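The next block holds one structure in the form of structure tokens; read it before the comments.
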Amino acid sequence: MNQIEDKGAQYLGEALQKNTKLTRLELSWNKIGAQGAQYLSEALQKNTKLTRLDLSWNKIGAQGAQYLSEALQKNTILTTLHLSDNDIGDKGAQYVGEALQKNAILTKLNVRGNDIGDKGAQYLGEALQKNTILTELNVFENDIGDKGAQYLGEALQKNTKLTELGLSSNQIGDKGAQYLSEALQKNTILTELNVGNNQIGDKGAQYLGEALQKNTVR
């Protein structure tokens with residue numbers, strides 16, 4: 472674990488604005504807050520090489536997510552963004568969702584462990600109905616319940632690009648499994664769905680089983 476804080480992020484951000492070689496930057500397990508996220512976001516708007524940024528286990532919060540969202544709406548290079556465990560909450564998920572509706576390059580997004588809840592799942596679901604680029608979304612450990620599963624299920628019925636959706640370690644029960652199963656019966660793109668460690672019982676398993684019999688992913 473390093474001890475990079477906002478000031479360190481500022482130095483790195485300034486370097487990224489000029490660097491034309493670095494393609495991958497791992498900054499997980501530091502102490503970067505919203506201000507640091509702002510510095511890095513400013514860099515992303517100018518950098519023409521970085522394709523992967525990992526900010527997992529920092530403390531950027533919703534404000535930091537907003538800065539990154541603004542950058543993503545302009546950046547045409549970054550394809551992978553990890554924001555696990557940054558306490559962005561549902562408001563941060565809203566900002567990220569707004570970015571997904573406009574970004575035309577990001578393919579992998581990880582927002583695991585951010586307590587986005589059902590409301591955050593709604594924002595991401597709405598974004599997925601419009602996004603035609605993202606292929607992998609990880610929302611593990613986000614306190615998403617049946618309602619959130621409904622929003623994401625509705626998105627899966629319309630989304631034509633997402634191939635992997637991680638929903639492990641949430642609060643999804645049988646009703647949520649039903650929503651997801653209804654989506655799977657119509658979706659022809661998704662190849663990987665992780666719903667481990669939720670609250671799905673035998674009835675939910677029945678719904679998912681029925682969906683798998685009808686799912687026609689090519």
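Everything in the sequence shown is counted per this note's numbering, starting at 472 for the first residue and increasing by one.
All C-beta atoms, glycine included, are put in the ideal place defined by N, C-alpha and C.
Computed from a predicted model, the values in this text were never measured in an experiment.
Relative to the C-alpha of residue i, which candidate in the options has its C-alpha closest?
| i | options | result |
| --- | --- | --- |
| K517 | D617, G563, V666 and E541 | E541 |
| N602 | N613, E625, T631 and A592 | T631 |
| D589 | G563, N529, K489 and L521 | G563 |
| A480 | N529, T519 and L493 | N529 |
| T491 | A676, L515, N501 and E476 | L515 |
| L496 | L571, L636, L526 and N546 | L526 |
| T550 | E663, L524 and D556 | L524 |
| T662 | L539, E635 and T547 | E635 |
| D561 | E476, Q684, Q506 and D614 | D614 |
| T633 | Q600, K618 and N641 | Note on residue identity: the sequence assigns Leu, not Thr, to residue 633. Selected option, being the one with the closest Cα: Q600. |
Nearest-angstrom Cα distance between residue i and residue j?
| i | j | result |
| --- | --- | --- |
| L498 | I671 | 35 Å |
| L483 | M472 | 17 Å |
| S512 | L595 | 20 Å |
| S639 | L605 | 19 Å |
| A508 | Y566 | 14 Å |
| K579 | G616 | 23 Å |
| I643 | T687 | 24 Å |
| G637 | G624 | 13 Å |
| N669 | A654 | 18 Å |
| E607 | Q474 | 30 Å |
| Y510 | K478 | 9 Å |
| K489 | W500 | 25 Å |
| L539 | A676 | 38 Å |
Going by other Cβ atoms of all chains shown within 10 Å of its Cβ, with 16 needed for buried, is residue i buried or exposed?
| i | result |
| --- | --- |
| L679 | buried |
| E612 | buried |
| R583 | buried |
| Q537 | buried |
| I660 | exposed |
| G667 | exposed |
| I587 | buried |
| A570 | buried |
| A486 | exposed |
| A598 | buried |
| A575 | exposed |
| D673 | exposed |
Is the CB-CB distance between residue i and residue j below 8 Å?
| i | j | result |
| --- | --- | --- |
| L552 | L577 | yes |
| Y622 | Q593 | yes |
| S652 | A682 | yes |
| Q628 | K646 | no |
| T519 | T494 | no |
| G568 | G535 | no |
| Q544 | K573 | yes |
| D558 | G532 | yes |
| N609 | N581 | yes |
Have a look at the DSSP bridge pairing and note the partners of residue i.
| i | result |
| --- | --- |
| E635 | E607 and E663 |
| E693 | Residue numbering for the chain in the displayed model covers 472 to 689; residue 693 lies beyond these limits and cannot be assessed. |
| K579 | T551 and E607 |
| K525 | Sequence inspection shows Asp at residue 525; the Lys mentioned does not correspond to that position. Its beta-bridge partners are E497 and H553. |
Quick check: is any heavy atom of the ligand PLP less than 7 Å from the C-beta of residue i?
| i | result |
| --- | --- |
| I531 | Of ligands this structure carries none, so the ligand PLP is not represented either. |
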